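K.L.:
Sharing a structure here in C-alpha cells format.
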Amino acid sequence: MLRFRPRLAASENDSDADTLAPHGNVAVKTRTQTKKPSMYKVFLLNDDYTPMDFVVQVLEAFFNKTREDAMRIMLEVHQSGIGLCGVYSFEVAETKVTQVMAAARQAQHPLQCTMEKE
Ligand code: TYC
Numbered sequence: 113m114l115r116f117r118p119r120l121a122a123s124e125n126d127s128d129a130d131t132l133a134p135h136g137n138v139a140v141k142t143r144t145q146t147k148k149p150s151m152y153k154v155f156l157l158n159d160d161y162t163p164m165d166f167v168v169q170v171l172e173a174f175f176n177k178t179r180e181d182a183m184r185i186m187l188e189v190h191q192s193g194i195g196l197c198g199v200y201s202f203e204v205a206e207t208k209v210t211q212v213m214a215a216a217r218q219a220q221h222p223l224q225c226t227m228e229k230e
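For the numbering used here, count along the sequence shown from 1 and bump the result up by 112.
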C-alpha cells in the first residue's frame with residue numbers, strides 16, 4: 113500500500129535560497145550554489161643551484177610573464193627566498209606546479225614550486 117504519495121512542490125526550484133520545500137512528507141532543504149571557487153597562490157622557492165636564466169624561462173613559459181616581470185620575480189625569489197608567480201583556481205595552480213617541477217627535474221635543477229590556498 114502506498115502510504116506517502118510523492119508530490120511535486122512548486123517552490124522546489126534552484127532559485128529559492130535556503131527554503132524548506134515540501135517533498136512528500138519530508139522537508140527538503142534547497143540552496144542555490146553561489147560559492148566562489150577558492151583561489152591558490154603559486155610560489156617559486158630559492159635555492160643555490162638553479163641558474164637564474166632557467167628560472168626566468170620558467171616564469172615566461174608557464175606563467176606567461178614578460179621578460180621584465182620574469183626577471184623581477186626571479187630576483188625577488190633570489191633575494192628574499194620566495195616569490196609569487198600567480199593566483200589560480202586549484203586545477204590550474206596544480207598544473208603549473210606539476211609543469212615547473214617536471215621541467216626542473218628534466219633539467220636536473222633543484223628548483224621548487226609550491227601552492228597555497230589564498
Ligand atoms: N639563487 C639562484 C642562483 O643564485 C637563482 C634562483 C632564483 C634559484 C630563483 C631559484 O626560484 C629561484 N643561481
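Heads up, the beta-carbon is just placed ideally off N, CA and C, and yes, glycines get one too. Computed from a predicted model, the values in this text were never measured in an experiment.
(1) Thinking just about the alpha-carbon of each residue, which of H190, S150, P149, N176 is nearest to the one in Q224?
(2) Can you tell me the Cα-Cα spacing of T162 and P222, whole angstroms?
(3) Go through the segment 167-226 residue by residue and report every complete run of the alpha helix (DSSP H) that reaches 4 residues or more, in order.
(4) Residues in the same chain with beta-carbon distance under 8 Å from T226, minus the five sequence neighbours each way, listed in chain order, please.
(5) Tell me where the beta strand (DSSP E) around Y152 begins and ends.
(6) Return the CA-CA distance between K229 and S201, expressed in angstroms with no decimal places.
(7) When you compare the CB positions of G198 and F166, do they come within less than 8 Å of one another, or not?
(8) Out of Q211, Q218, R184, point me to the one whose CA is closest to A173's CA.
(9) The ligand TYC heavy atoms versus the CB of C164: any closer than 7 Å?
(10) Given V168, which residues of its chain have a CB within under 8 Å of its CB, disregarding the five upstream and five downstream residues?
P.N.:
In brief:
(1) Sequence index remark: in the sequence shown, residue 224 carries index 112 (1-based). The shortest Cα separation from Q224 among H190, S150, P149, N176 belongs to H190.
(2) Counted from its first residue, the sequence shown places residue 162 at position 50. Counted from its first residue, the sequence shown places residue 222 at position 110. Their Cα atoms are separated by approximately 6 Å.
(3) 179-192, 202-218
(4) Taking the first residue of the sequence shown as 1, we reach residue 226 at position 114. Contacts found: V154, F155, L157, V209.
(5) Your numbering for residue 152 matches position 40 in the sequence shown. Counting along the chain, the beta strand (DSSP E) containing Y152 begins and ends at 151-157.
(6) Walking along the sequence shown from the start, residue 229 turns up at place 117. Walking along the sequence shown from the start, residue 201 turns up at place 89. Taking the straight line from one Cα to the other gives about 9 Å.
(7) For the purposes of this step, residue 198 is taken as residue 86 along the sequence shown, with counting starting at 1. For the purposes of this step, residue 166 is taken as residue 54 along the sequence shown, with counting starting at 1. No, Cβ-Cβ distance for G198 and F166 is not below 8 Å.
(8) The count along the sequence shown starts at 1 and reaches residue 173 at position 61. Nearest option by C-alpha distance: Q211.
(9) The residue labelled residue 164 in the question sits at position 52 within the sequence shown. It should be noted that the sequence gives Met, not Cys, for residue 164. The answer is yes for M164.
(10) As a position in the sequence shown, residue 168 is number 56, starting the count at 1. Once the five neighbours on either side are set aside, the close Cβ partners of V168 are R179, A182, M183, M186.
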